[in-house]
Amino acid sequence: MPSVKEVVEKIRKGEVAALSRAITLLESQTDAHRAWSADLLKSLPALPEQSTFRLGISGTPGVGKSTFIEAFGLELIRRGHRIAILAVDPSSSISGGSILGDKTRMEQLSHHPAAFIRPSPSGGFLGGITRVTRETLLLCESAKFDYILVETVGVGQSEIAVHGMTDAFLLLAQPGAGDELQGIKRGILEMADLLVVNKADLLPNEAKRTAAELRRSLHLAPPRDNGWSPPVLTAAALTGTSVDAVADSVDHYREMLNRDGQLAVLRRKQRAGWLKDSIHSELLRRLNRSEEVKAVWQNCLAAIEKGETDINALSEKILATFLDTSKT
Ligand SMILES: Nc1nc2c(ncn2[C@@H]2O[C@H](COP(=O)(O)OP(=O)(O)OP(=O)(O)O)[C@@H](O)[C@H]2O)c(=O)[nH]1
Ligand SMILES: [Mg+2]
Numbered sequence: 335m336p337s338v339k340e341v342v343e344k345i346r347k348g349e350v351a352a353l354s355r356a357i358t359l360l361e362s363q364t365d366a367h368r369a370w371s372a373d374l375l376k377s378l379p380a381l382p383e384q385s386t387f388r389l390g391i392s393g394t395p396g397v398g399k400s401t402f403i404e405a406f407g408l409e410l411i412r413r414g415h416r417i418a419i420l421a422v423d424p425s426s427s428i429s430g431g432s433i434l435g436d437k438t439r440m441e442q443l444s445h446h447p448a449a450f451i452r453p454s455p456s457g458g459f460l461g462g463i464t465r466v467t468r469e470t471l472l473l474c475e476s477a478k479f480d481y482i483l484v485e486t487v488g489v490g491q492s493e494i495a496v497h498g499m500t501d502a503f504l505l506l507a508q509p510g511a512g513d514e515l516q517g518i519k520r521g522i523l524e525m526a527d528l529l530v531v532n533k534a535d536l537l538p539n540e541a542k543r544t545a546a547e548l549r550r551s552l553h554l555a556p557p558r559d560n561g562w563s564p565p566v567l568t569a570a571a572l573t574g575t576s577v578d579a580v581a582d583s584v585d586h587y588r589e590m591l592n593r594d595g596q597l598a599v600l601r602r603k604q605r606a607g608w609l610k611d612s613i614h615s616e617l618l619r620r621l622n623r624s625e626e627v628k629a630v631w632q633n634c635l636a637a638i639e640k641g642e643t644d645i646n647a648l649s650e651k652i653l654a655t656f657l658d659t660s661k662t
């Protein structure tokens, strides 16, 4: 295993090869790798919070997230940022990671020295994936990527996870469809700090109508504590139209968060969420590898085969075994 000190030095210089290798170790579930990663995270120097920004990006499949990230990311680079693109995609544990195929939609970014693209960790459950993503995010920030984009597919739980690890949340929608706002769930709409109706080049009038509809719908939501009313913009990621206006809007929000200390509050909340993810994933990892638990688990499966229906009792038995063995 590489020396933590050396890796930290390389990461701080922005060396992408060292960053990638370190992330691979973060993703590993073995004891030795977990210990190494914990050591690494501890050794990262603290950065001023205001020096980095974390933006979550979401929207239903096909809405144009990847195309948008390509255009928006290039705009951020023009504005002097170095950007990292991460993904939280629970479905990738089955499909093996979608953002890689997506690199074709991020043609320029994937070759740009100021951009770093990392696919969603595959395997495991959402809590484990989000723990790794949070840790990856910190590593990227230490490697001088000051703007982190975290993409997620539009499927409920992963949005909530990404919302919990980012400073701002941008939701992409499509023109038209009109039917109850394209199935965008109210809870997700209320998480958005910024909304963009994409593909306005295809259906400009529809896009405007959808934007108006979204504004009305947001009006019905309770006002934000911080006084921010989420803007709804129209844009075309494919042609790059109005992507700069979106970047202005995000900047505006960022300035507000920085101005009155909200960012620090958000970051503390993110750390509390991280603690939760960390406990969940660590508990599950230990539970899964305990030999004693495995044996009782097999007994329980055998009991079910024989017709046992009291699942709560079996679950208690497995948990009791786990808790007993963890005492030693
Ligand atoms: N005309 C037009 N097409 C667009 C625009 N943005 C994206 N598209 C097209 O819409 C399709 C889907 O775009 P993606 O960027 O792959 O969408 P996505 O949200 O990343 O999709 P998933 O990763 O599958 O969830 C592609 O064929 C894009 O070329 C746009 O602004 N205008
Ligand atoms: Mg995509």
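For the sequence shown, the working numbering begins at 335 and goes up steadily by one.
Glycine included, each C-beta is placed from N, C-alpha and C at the ideal position.
Put simply, of 575, 574, 551 and 571 the residue whose alpha carbon is nearest the alpha carbon of residue 565 is 551. 8 angstroms or more divides the Cβ of residue 475 from the Cβ of residue 358.
In the three-state DSSP reduction, residue 570 falls in the strand class (E or B). Separation of residue 631 and residue 459 (C-alpha to C-alpha, rounded to the nearest whole angstrom) is 19 angstroms. For residue 400, the shortest C-beta to heavy atom distance toward ligand 2 is below 7 angstroms. For residue 348 and residue 463, the gap between their C-alpha atoms comes out near 24 angstroms.
Out of 620, 572, 560 and 574, the CA that lies nearest to the CA of residue 597 is found in 560.
Residue 531 is positioned such that its CB atom lies no closer than 8 angstroms to that of residue 409.
If only uninterrupted beta strand (DSSP E) runs of at least 3 residues are considered, those enclosed by the region 513 to 561 are 528 to 531.
Our two residues, residue 491 and residue 498, have alpha carbons roughly 11 angstroms apart in a direct line. A distance of 8 angstroms or more separates the beta carbons of residue 572 and residue 397. With fewer than 16 other Cβ atoms from the protein chains shown falling within 10 Å of its own Cβ, residue 645 counts as exposed. The beta carbon of residue 543 sits no closer than 7 angstroms to any heavy atom of ligand 2. The alpha-carbon separation between residue 655 and residue 626 amounts to approximately 7 angstroms. Look at residue 349 here: in three-state DSSP terms it is coil, with no helix or strand label.
By the Cβ rule, the region 464 to 471 counts as touching the region 600 to 613, because three or more pairs are nearer than 8 angstroms. Bounds of the beta strand (DSSP E) holding residue 483 are 481 to 487. Just measuring C-alpha positions, the residue of 440, 478 and 375 sitting nearest residue 415 is 478. Set against 7 angstroms, the gap from the CB of residue 571 to the closest heavy atom of ligand 1 is smaller.
Collapsing the DSSP output to three states places residue 390 in a strand. The three-state secondary structure of residue 503, taken from DSSP, is strand. For the options 495, 524 and 421, the alpha carbon positioned closest to that of residue 482 is the one of 421. Of the other Cβ atoms in all chains shown, 16 or more fall within 10 Å of the Cβ of residue 352; this residue is therefore buried. Note: residue 420 is bridge-paired with 484 in the DSSP secondary-structure output. In this structure, DSSP gives residue 380 a state outside helix and strand, which the three-state scheme calls coil. A heavy atom of ligand 2 is found nearer than 7 angstroms to the CB of residue 439. Counting along the chain, residue 459 sits inside no beta strand (DSSP E), nor does DSSP assign it H or E at all. Secondary structure of residue 449 (DSSP, three-state): strand. When DSSP states are grouped into helix, strand and coil, residue 643 belongs to the coil group. Within its own chain, the residues whose Cβ lies closer than 6 angstroms to the Cβ of residue 461, once the five positions on either side in sequence are excluded, are 611, 614 and 615, listed in chain order.
Residue 484 places its beta carbon less than 8 angstroms from that of residue 391. In this structure, the C-beta of residue 538 stays at least 7 angstroms away from each heavy atom of ligand 1.
Shown here for residue 393: same chain residues with a beta carbon closer than 7 angstroms to its own, the five before and five after excluded, namely 399, 488, 505, 506 and 507 in chain order.
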